[in-house]
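Participant: FYI, full-length UniProt numbering numbers position 143 of the sequence shown as 143, with every residue one higher than the one before it.
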Amino acid sequence: MEKSKFVYVTYISTTPEILWNALLDPKMTEQYWQHENVSDWQQGSNWEHRRFDNGAILLVGKILESTPPNRLVLTWADPADAKQEENHSRVMFAIDPISDVVRLTVTHDQLAPGSGMVEDISEGWPKVLSSLKSLLEVGKPLPRLW
Numbered sequence: 001m002e003k004s005k006f007v008y009v010t011y012i013s014t015t016p017e018i019l020w021n022a023l024l025d026p027k028m029t030e031q032y033w034q035h036e037n038v039s040d041w042q043q044g045s046n047w048e049h050r051r052f053d054n055g056a057i058l059l060v061g062k063i064l065e066s067t068p069p070n071r072l073v074l075t076w077a078d079p080a081d082a083k084q085e086e087n088h089s090r091v092m093f094a095i096d097p098i099s100d101v102v103r104l105t106v107t108h109d110q111l112a113p114g115s116g117m118v119e120d121i122s123e124g125w126p127k128v129l130s131s132l133k134s135l136l137e138v139g140k141p142l143p144r145l146w
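1. Quick one, which of V101, E123, F6, P69 has its alpha-carbon nearest L24's?
2. Judging by CA-CA distance, which residue of F6, S4, L19 is the nearest neighbour of D96?
3. Output the boundary residues of the beta strand (DSSP E) element that contains L59.
4. Counting only runs that start and end within the region 76-146, where is the beta strand (DSSP E) found for 3 or more residues in a row?
5. From this set, A112, D81, N54, which residue's C-alpha is nearest V60's C-alpha?
6. For the beta strand (DSSP E) holding E36, just list the boundary residues, first then last.
7. Looking at the strands, I want to know which residues DSSP matches up with Y8.
8. F93 to E48, Cα distance in whole Å?
9. With DSSP collapsed to three states, give me the class of E48.
Given below as structure tokens:
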């Protein structure tokens with residue numbers, strides 16, 4: 001069965017370094033995502049997506065590639081599937097400077113077709129990345145959309 005893929009591209013008036021920091025710094029992700037992404041962000045390390053209010057772990061994965069400030073690739077899974085790598089999907093963040101802006105391409109692939117994850121991320125990524133763009137360009141994230 002062929003796996004599903006979701007791609008989202010946006011352009012943000014910022015620098016690659018500032019965008020990279022916003023993707024990794026838990027204090028930044030808390031503002032636009034309402035969650036903290038926690039890791040040392042080194043290849044081979046684990047990462048966790050935690051609720052900032054109670055610390056509940058919502059997603060887990062491993063860092064497959066970390067090339068600051070241009071590329072981050074990680075696995076993405078429900079904590080219950082942490083040991084079942086066949087149930088992990090993959091997220092790639094590509095940060096490309098273009099003149100005075102940065103193109104951010106998020107590719108989330110290796111998704112089981114028709115899974116709840118496909119539906120969740122198809123709605124979730126646009127909300128999260130729009131809020132990130134707003135935070136970096138105007139200084140405040142969008143009101144909570146989820």
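Beta carbons are placed, not taken as given, at the ideal position from N, Cα and C, and that holds for glycine.
A quick note: this is a predicted structure, and the numbers were derived from the prediction, not measured.
Facilitator: From the atom records:
1. P69
2. Taking D96 as reference, the option from F6, S4, L19 with the minimal CA-CA separation is L19.
3. 57-67
4. Correct list: 89-98, 101-111.
5. Among A112, D81, N54, the Cα nearest to that of V60 is on D81.
6. 35-38
7. V106
8. 16 Å
9. E48: strand per DSSP, three-state reduction.
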